[in-house]
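J.: I have a structure here, written as C-alpha cells, and I will follow up with some questions on it.
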Amino acid sequence: MKRRTFLQGTTALVLLPSLPAFAQDDIRAVAREAYIYTYPMVKNYLTMYQYALEPDGSQYKGPLNTLVSIARVYTPDDTAIITPNSDTPYSFIVFDLRAEPVVVTMPPIEENRYYSLQLIDLYTNNVDYPGTRVDGNGGGDFLITGPGWKGDVPKGIKRVIEMPTTLAMGIVRTQLFSPADLDKVKEIQTTYKAALLSAYAGMPTPAAPASVDWMPVSDELMVTNYWPLAAFLLQFAPPYPGDEVQRKNLDKLGIRERAMWPEADLSSDTVALMKEVVITTEKEIRDEAARLTDSSKIFGTPEFMKGRFMVRAAAAQGGIYGNSVQEALYVIYAFDEQKAPLDGKTGRYTLTFTPETLPPVDAFWSLTMYDRPKQFLVDNPINRYLINSPMLAGLKKSDKGEIVLHLQHESPGPELESNWLPAPTEIFYAVMRLYLPRAEALDGRWAPPPIEALS
Numbered sequence: 003m004k005r006r007t008f009l010q011g012t013t014a015l016v017l018l019p020s021l022p023a024f025a026q027d028d029i030r031a032v033a034r035e036a037y038i039y040t041y042p043m044v045k046n047y048l049t050m051y052q053y054a055l056e057p058d059g060s061q062y063k064g065p066l067n068t069l070v071s072i073a074r075v076y077t078p079d080d081t082a083i084i085t086p087n088s089d090t091p092y093s094f095i096v097f098d099l100r101a102e103p104v105v106v107t108m109p110p111i112e113e114n115r116y117y118s119l120q121l122i123d124l125y126t127n128n129v130d131y132p133g134t135r136v137d138g139n140g141g142g143d144f145l146i147t148g149p150g151w152k153g154d155v156p157k158g159i160k161r162v163i164e165m166p167t168t169l170a171m172g173i174v175r176t177q178l179f180s181p182a183d184l185d186k187v188k189e190i191q192t193t194y195k196a197a198l199l200s201a202y203a204g205m206p207t208p209a210a211p212a213s214v215d216w217m218p219v220s221d222e223l224m225v226t227n228y229w230p231l232a233a234f235l236l237q238f239a240p241p242y243p244g245d246e247v248q249r250k251n252l253d254k255l256g257i258r259e260r261a262m263w264p265e266a267d268l269s270s271d272t273v274a275l276m277k278e279v280v281i282t283t284e285k286e287i288r289d290e291a292a293r294l295t296d297s298s299k300i301f302g303t304p305e306f307m308k309g310r311f312m313v314r315a316a317a318a319q320g321g322i323y324g325n326s327v328q329e330a331l332y333v334i335y336a337f338d339e340q341k342a343p344l345d346g347k348t349g350r351y352t353l354t355f356t357p358e359t360l361p362p363v364d365a366f367w368s369l370t371m372y373d374r375p376k377q378f379l380v381d382n383p384i385n386r387y388l389i390n391s392p393m394l395a396g397l398k399k400s401d402k403g404e405i406v407l408h409l410q411h412e413s414p415g416p417e418l419e420s421n422w423l424p425a426p427t428e429i430f431y432a433v434m435r436l437y438l439p440r441a442e443a444l445d446g447r448w449a450p451p452p453i454e455a456l457s
C-alpha cells in the first residue's frame, strides 16, 4: 500500500499502511498501555491549551512563550488545574521551543522567602527548578532550550536547561506570608521576565517553526477525541530511552506523529473498542490516583519516573504539576484514622499538631481543602481555603500547646473559628504541603498526624 499524505492547514498529516489484524483482547491490552503512556501528555496539553492557545477561554493567561503572573492566590473559580495550591501566587509560561530557546529571568529576593520555577516537560516530568533550593535567592537569567539545541550561549546566562520536549510548562511559585504581604509579592512578580533568545541577545530572529493547527481540547474532547489528540502531541515529544515498547504500541494502533487517526482502513469495531478503552482506563487511572497517600514517589525527574507509566498517569490525574519531593512533599488525606472516606455531609474531623509533630520544613507548610469529585478548592463563607505555617500565631492553642484544626462544613463556633478549615457538603480530601521538607520528613522520622473523626 502506498503512503498517502493529507494536508490540514500547513501541517502535513501522513496516512500509513493499514494495521495488521489483532484479536480484540490484544487490541484492548495494547490500547490500555498506549492510553496510560499518553494520558499525562494529553492532560498537560489541556492546561497548556486553556492557558496559552484559547484566547476566548475563561482560563486564558497569555500567548506562548509569555510569562504571565497571577497577582492573587487561587480560589474555587480557578478550574484549569486540579488540586491547586493557594499559598503561593503563580506565574505561568507555556513554552514552544521549536524555533529557539527562551530566557527566563528570576529576580533576587529576600533570603527568607521561597520561590521556584518548576520546569515541566510535555510528559509531566519535572526537569529542573531554578530558584531557592537549587540556585538560592540571588536570581539570574536561565536559558531554556528545546531538545538537542546547539547554539551560542550569550554572556550573563546563569544556567542552560535543556527541555526534552518542544512543548513545556513553566510554573513560578512565590511565597505569600500573609494577605498583607500581597503587594510585595506583586512587586516581585513584575520582575519575572521571559524573552526569546534572539530578543535577549540582540541576535537575528531564526526562521519561524512550521505553522500548527492547534487541536482544540477540553474535558469532553479528552474522551471523545482522545486518540487524535495523542497522535497530534507526538510531534512535540521525542521518546525517552526506554519508551520503545510504548511507542511500538502506539504504532500498532495507527497512532503516529502527524498521522490522521483513525486510518481509513481501521475497522469500525477496532475504533469502537479503542474508544471504549479510553473510558475504562481513565477510570482505572482515577482509581489508582484515589489510592495515593503522599507524593514522595509520584513526581520527579525524567530519570526518576522512567518506566513508571501508571504512576505518572495517576499523578497527572490526581494532582498534575506536583513538585518533586526534594522541592515539596505532599501528604494526601482522603480517609480518617479509621480508613473511612472524609465526608463533609455527615462528618466532623480534627487534625492535631503538637509542638513535636508540626511539619518539619525549611520554607513553609500548608493544609488545603478540596472537594473530591471535582478536585478544586472549596467555596465557603469565610473564603478560607487553607491553613498554613504563617498563620500559626493566629491559631488557638490548647493548654497543652496543641493546635487542633477543625475540618467540617459548619463553623465549630466563634471560639474555634480561627482553626476552622471549611469542608464541602460532600466527600472531600485535604493535602498537606511541606515546601523544602527537612530530612526527617523524607526519611520517615516525622510522620504526619492522622485526621480523626469526632463522634
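Residues in the sequence shown are numbered from 3 upward in steps of one, following our numbering. A virtual CB, placed ideally from N, CA and C, is assigned to each residue, including glycine.
Could you tell me how far apart the beta carbons of E454 and Y372 are, in whole angstroms, since I believe they sit closer than 8 Å?
T.: Your numbering for residue 454 matches position 452 in the sequence shown. Your numbering for residue 372 matches position 370 in the sequence shown. That belief does not hold up - the Cβ atoms of E454 and Y372 are roughly 19 Å apart, past 8 Å.
J.: Report, in whole angstroms, the separation of the C-beta atoms of Y437 and A330, which I expect to be a contact under 8 Å.
T.: Indexing the sequence shown from 1 puts residue 437 at position 435. Indexing the sequence shown from 1 puts residue 330 at position 328. Y437 to A330, Cβ: 5 Å. Contact.
J.: Helix, strand or coil, according to DSSP, for A342 in the structure here?
T.: To locate residue 342, count along the sequence shown from 1; it is residue 340. It is coil, neither helix nor strand.
J.: Examine the Cβ distances between the segment 60–78 and the segment 191–211 and report whether three or more of them are shorter than 8 Å.
T.: The segment 60–78 vs the segment 191–211: in contact.
J.: Could you check if N251 belongs to the surroundings of the ligand MN, using beta carbon to heavy atom distance under 8 Å?
T.: This structure does not include the ligand MN; it has no bound ligands of any sort.
J.: I need the DSSP call for Y332, collapsed to helix, strand or coil.
T.: The residue you call residue 332 lines up with position 330 of the sequence shown. If DSSP states are grouped into helix, strand and coil, Y332 belongs with the strands.
J.: Where does the unbroken alpha helix (DSSP H) through K250 begin, and where does it stop?
T.: On the sequence shown, position 248 is the one that residue 250 refers to. Residues E246 to K254.
J.: Using the Cα positions of P240 and A31, report the straight-line distance between them to the nearest angstrom.
T.: Residue mapping note: residue 240 aligns to position 238 of the sequence shown, counting from 1. Residue mapping note: residue 31 aligns to position 29 of the sequence shown, counting from 1. Cα-Cα distance, rounded: 23 Å.
J.: Where DSSP assigns a beta bridge to N128, which residues make up the other side?
T.: Here residue 128 is taken as the residue at index 126 of the sequence shown, counted from 1. I122.
J.: Could you spell out where the beta strand (DSSP E) holding P304 opens and where it closes?
T.: The residue given as residue 304 occupies position 302 in the sequence shown. First-last for P304: P304 to M307, but that is the alpha helix (DSSP H), not the beta strand (DSSP E).
J.: If the criterion is Cβ atoms closer than 9 Å, does the pair P42 and A54 meet it?
T.: On the sequence shown, residue 42 is found 40 positions in, with the first residue counted as 1. On the sequence shown, residue 54 is found 52 positions in, with the first residue counted as 1. Contact flag unset, no.
J.: Straight-line CA distance for F238 to E339?
T.: Here residue 238 corresponds to residue number 236 of the sequence shown, with the count starting at 1. Here residue 339 corresponds to residue number 337 of the sequence shown, with the count starting at 1. So the alpha carbons of these two residues sit roughly 44 Å apart.
J.: With distances taken between CB atoms, is the gap from T370 to N87 smaller than 9 Å?
T.: In the sequence shown, residue 370 corresponds to position 368, counting from 1. In the sequence shown, residue 87 corresponds to position 85, counting from 1. Yes, Cβ-Cβ distance for T370 and N87 is below 9 Å.
J.: Compare the beta carbon distance of I384 and L397 with 9 Å and say whether it is the shorter of the two.
T.: Walking along the sequence shown from the start, residue 384 turns up at place 382. Walking along the sequence shown from the start, residue 397 turns up at place 395. No, these two residues do not count as a Cβ contact at 9 Å.
J.: Which one of V105, D267, K152 and L360 has the shortest CA to CA distance from K160?
T.: Here residue 160 refers to the residue found at position 158 of the sequence shown. When each option's Cα is compared against that of K160, the closest is V105.
J.: Across which residues does DSSP place P424 in a beta bridge pair?
T.: By 1-based counting over the sequence shown, the position of residue 424 is 422. Q410, per the DSSP bridge assignment.
J.: Give, in chain order, every unbroken run of the beta strand (DSSP E) that is at least 3 residues long and sits entirely within the segment 82–166.
T.: For the segment 82–166, whole beta strand (DSSP E) runs of length 3 or above, ordered along the chain, are 92–98, 104–108, 117–123, 128–130, 142–147 and 159–164.
J.: Would you tell me roughly how many angstroms separate the C-alpha atoms of G320 and P206, rounded to the nearest one?
T.: Looking up residue 320 in the sequence shown gives position 318. Looking up residue 206 in the sequence shown gives position 204. Taking the straight line from one Cα to the other gives about 43 Å.
J.: Out of F144, S213 and S326, point me to the one whose CA is closest to L198's CA.
T.: What you label residue 198 is simply residue 196 of the sequence shown in a count that begins at 1. It is F144.
J.: Can you name, in chain order, every residue of its own chain whose Cβ lies under 6 Å from the Cβ of L252, other than the five neighbours on each side?
T.: The sequence position of residue 252 within the sequence shown is 250, counting from 1. Result list for L252: A36, in chain order.
J.: Closest by CA to L456, which one among L344, P304, A449 and K188?
T.: On the sequence shown, position 454 is the one that residue 456 refers to. Comparing Cα-Cα distances from L456 to each of L344, P304, A449 and K188, the minimum goes to L344.
J.: Just to confirm the assignment, what range does the beta strand (DSSP E) spanning G172 have?
T.: Reading the sequence shown from its first residue, position 170 is the one you call residue 172. Unbroken beta strand (DSSP E) run through G172: L169 to T176.
J.: How many angstroms separate the CA atom of Q10 from the CA atom of L231?
T.: What you label residue 10 is simply residue 8 of the sequence shown in a count that begins at 1. What you label residue 231 is simply residue 229 of the sequence shown in a count that begins at 1. The pLDDT assigned to Q10 is 37, lower than 50, so where the model puts this residue is not dependable, and the model offers no usable value.
J.: Express the C-alpha separation of A182 and D289 in angstroms, rounding to a whole number.
T.: In the sequence shown, counting from the first residue as 1, residue 289 sits at position 287. In the sequence shown, counting from the first residue as 1, residue 182 sits at position 180. For D289 and A182, the distance between alpha carbons rounds to 40 Å.
J.: The alpha helix (DSSP H) with R350 in it runs from where to where?
T.: As a first step, residue 350 must be located in the sequence shown, where it is residue number 348. From DSSP, R350 is part of no alpha helix (DSSP H); its letter is neither H nor E.
J.: Kindly list the residues whose CB is nearer than 7 Å to the CB of D364, restricted to its own chain and excluding five residues on each side of it in sequence; keep chain order.
T.: Locating residue 364 in the sequence shown gives position 362, where the first residue counts as 1. Result list for D364: L438 and R440, in chain order.
J.: Is the number of C-beta pairs between the segment 81–100 and the segment 165–181 that are closer than 8 Å three or more?
T.: Counting Cβ pairs under 8 Å, three or more are found: they touch.
J.: Tell me which residues share the same chain as V273 and place their Cβ nearer than 7 Å to its Cβ, disregarding the 5 neighbours each side in the sequence.
T.: As a working mapping, residue 273 is identified with position 271 in the sequence shown. Correct list, in chain order: P264.
J.: When DSSP builds the beta bridges, which residues end up paired with W367?
T.: In the sequence shown, residue 367 corresponds to position 365, counting from 1. Answer is L436, bridged to W367.
J.: In three-state DSSP terms, what is R195?
T.: Walking along the sequence shown from the start, residue 195 turns up at place 193. Contrary to the premise, residue 195 reads as Lys rather than Arg in this sequence. Strand, per DSSP.
J.: Are the CB atoms of L407 and L353 within a distance shorter than 9 Å?
T.: Here residue 353 refers to the residue found at position 351 when the sequence shown is read from its first residue. Here residue 407 refers to the residue found at position 405 when the sequence shown is read from its first residue. Cβ atoms of L353 and L407: closer than 9 Å.
J.: For G244, collect the residues of the same chain with a Cβ closer than 8 Å to its Cβ; drop the 5 residues on either side in sequence, then sort them by chain order.
T.: On the sequence shown, position 242 is the one that residue 244 refers to. Answer for G244: K308 and G309, listed in chain order.
J.: Hey, A449 and M276: beta-carbon distance below 9 Å or not?
T.: Residue mapping note: residue 449 aligns to position 447 of the sequence shown, counting from 1. Residue mapping note: residue 276 aligns to position 274 of the sequence shown, counting from 1. Taking 9 Å as the Cβ cut-off, A449 and M276 do not qualify as a contacting pair.
J.: Have a look at P426, Q328 and N325 and flag the residue whose alpha-carbon is nearest the alpha-carbon of P375.
T.: For this step, residue 375 is matched to residue 373 along the sequence shown. For the residues P426, Q328 and N325, the minimum Cα distance to P375 belongs to P426.
J.: Since F366 and S391 are thought to touch, with beta carbons under 8 Å apart, how far apart are those beta carbons, to the nearest angstrom?
T.: Your numbering for residue 366 matches position 364 in the sequence shown. Your numbering for residue 391 matches position 389 in the sequence shown. That belief holds up - the Cβ atoms of F366 and S391 are roughly 5 Å apart, short of 8 Å.
J.: Considering only the alpha carbon of each residue, which of S413, I146, P91 and E278 lies closest to G346?
T.: As a first step, residue 346 is located in the sequence shown; it is residue number 344 there, counting from the start. Nearest C-alpha to G346: S413.
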